[in-house]
Amino acid sequence: MGARIFIDHERVAALCRRHHIRRLALFGSVLTDDFRPDSDVDVLVDFEPGQVVGFRVFDIEDELSQILGGHRVDLVREKYLNRRLRGRVIESAETQYAEG
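Numbering (our numbering), first residue to last: 21 to 120.
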């Protein structure tokens with residue numbers, strides 16, 4: 021369906037390379053007609069093997085928020101997706117950056 025916000029793909033790619041993100045995808049309301057100006061943006065990420073993210077996740081969310089027009093960002097690591105929702109989320113997600 022396509023994101024309901026402007027995405028500067030060059031800035032997203034730079035952020036991903038800087039933070040060792042292999043894949044970044046949007047999912048949820050940002051891809052639907054339900055998205056509103058006050059909606060948050062759900063972002064699915066997969067980090068390079070061996071990366072310890074820890075509290076950096078908050079910095080990444082803040083940086084992405086700036087790139088995505090100030091919308092609050094909820095960052096979800098693919099490996100921590102709820103098993104019941106995993107298939108649906110991955111199937112509906114739209115990749116914005118993929119390494120390589």
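A virtual CB, placed ideally from N, CA and C, is assigned to each residue, including glycine.
Can you have a look at residue i and say buried or exposed, based on whether 16 or more other CB atoms are within 10 angstroms of its CB?
i, result
"valine 72", "exposed"
"glycine 70", "exposed"
"glycine 48", "buried"
"phenylalanine 67", "buried"
"isoleucine 80", "buried"
By DSSP's criteria, residue i is part of a beta bridge. Which residues make up the other side?
i, result
"valine 61", "Val93"
"leucine 46", "Val63 and Glu114"
"isoleucine 27", "For isoleucine 27, which the question treats as bridged, DSSP gives no partner whatsoever."
"isoleucine 41", "Phe67"
I'd like to know whether the C-beta atoms of residue i and residue j end up nearer to each other than 9 Å.
i, j, result
"glutamine 86", "isoleucine 27", "no"
"valine 61", "leucine 35", "no"
"valine 109", "leucine 101", "yes"
Residues in the same chain with beta-carbon distance under 7 Å from residue i, minus the five sequence neighbours each way, listed in chain order, please.
i, result
"alanine 23", "Leu46, Val50, Leu51 and Glu114"
"histidine 29", "Gln116"
"histidine 40", "Phe67, Glu68 and Gln71"
For residue i, which residues from the same chain have a beta carbon less than 6 Å from its beta carbon, with the 5 sequence-adjacent residues on both sides left out?
i, result
"glutamate 119", "Arg42"
"leucine 64", "Ala45, Phe47, Val96, Glu98 and Ala113"
"serine 59", "Ser49"
Which residues in the same chain as residue i place their Cβ atom closer than 8 Å to its Cβ, once the five residues preceding and following it in sequence are excluded?
i, result
"isoleucine 25", "Val50, Phe55, Val61, Leu88, Gly89 and His91"
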